[in-house]
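Each residue of the sequence shown is one higher than the last, beginning at 7 in the numbering used here.
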Amino acid sequence: VIEPVTAPPAMFAGELGPSTIVGSAAFNLLVISSVCVIAITPGTKKIEDTKVYALTASVSVFAYVWLVIVLMISSPDIVESWEAALTFIFFFLLLLLAFIADKNFFRAPPLEDAQAP
């Protein structure tokens, strides 16, 4: 957070910057998934609600595409301030969308509730 404020309008992506972030994100995804699988008790379990998981998986693919756009297409090897700010905003957008998906804001009410007088 300090670098975007104190650095010039554009920051250069060093050797460890983006690669460290991508590697860390991939490692976290794999480790968190494996811990969740190990934590399940014996027996068959059914996950009934996967909306937030599907949203997070989709957004993670978008995040890698966004990283390619920022570092290879928009401004090669340079992260500009607007790109950093937009990436930061994307995080809060993900939080909002995950909350909305978890609370079923865009779902129609069940048929039983819709037909009640």
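Cβ atoms here follow ideal geometry from the backbone N, Cα and C, with glycine treated the same way.
I need the DSSP call for I84, collapsed to helix, strand or coil.
DSSP, read as helix, strand or coil, puts I84 in strand.
Taking the alpha helix (DSSP H) that V76 belongs to, which residues open and close that run?
No alpha helix (DSSP H) contains V76, which DSSP labels as neither H nor E.
Which value, in whole angstroms, describes the spacing of the CA atoms of S81 and V71?
The alpha-carbon atoms of S81 and V71 are separated by roughly 14 Å.
Own chain residues within Cβ distance below 7 Å of L100, not counting five before or after
These residues qualify, in order along the chain: V65.
Secondary structure of N34, DSSP reduced to three states
Looking at N34 - three-state DSSP - the assignment turns out to be helix.
Should L61 and L103 be called a contact, given that it needs their Cβ atoms to be closer than 7 Å?
A contact, by the Cβ cut-off of 7 Å.
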